[in-house]
Structure formats: C-alpha cells, structure tokens
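Okay, so the sequence shown: first residue is 319 according to the numbering used here, each after it adds one.
All C-beta atoms in this analysis are idealised placements derived from N, C-alpha and C, irrespective of residue type, glycine included.
Structure first, then comments.
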Amino acid sequence: MIVTRLAVLAIAGTAILALAATRAGAQGGPKVGDLAPDFSLRGANQDGLLAAPIKLSDLRGQVVVLAFFPKARTGG
C-alpha cells in the first residue's frame with residue numbers, strides 16, 4: 319500500500335515537473351543579435367573595486383566580456 323502511494327506521488331511529481339519545464343521552455347530566450355538587457359554593476363580591476371558602477375548601456379558598440387569569479391575578493 320505504501321509503495322503504491324509512493325509510486326503515484328512519484329509519477330505525479332514527475333508529471334508536474336515535466337509540465338513546468340515545458341512551460342519554461344515555451345517562453346524562449348534571447349535570439350542572436352538581440353540587445354542584452356541593461357544592468358549596472360560594480361567593476362573590479364587588479365587594484366580592487368571601482369568607485370562607480372558600470373552600466374552596460376554605457377559600453378554600447380564595444381566588446382564586453384563578463385567574467386564571474388564567485389570567491390574572488392572573499393575569505394572563501
């Protein structure tokens with residue numbers, strides 16, 4: 319009886335996750351050539367964090383490379 323209930327819950331959970339994944343995929347994402355959404359962030363160089371934030375829109379027309387280092391400048 320417990321195994322049957324667990325099997326039903328597993329099947330129902332799988333169906334719900336499959337439906338959610340299908341809906342998420344239907345939204346789509348950016349297409350090649352689309353402009354990236356504007357954002358700002360604090361930049362850093364070899365001397366430390368920059369004083370003023372950088373906006374992506376200020377760099378329009380230039381090559382931009384985003385590098386993410388999750389433990390940089392932390393104790394971790």
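For residue 362, the beta-bridge partners assigned by DSSP are 367. Taking 8 Å as the upper bound for CB-CB distance, residue 348 and residue 359 are not in contact here, some 19 Å apart. Looking at 382, 337 and 390, the one whose alpha-carbon comes closest to that of residue 373 is 382.
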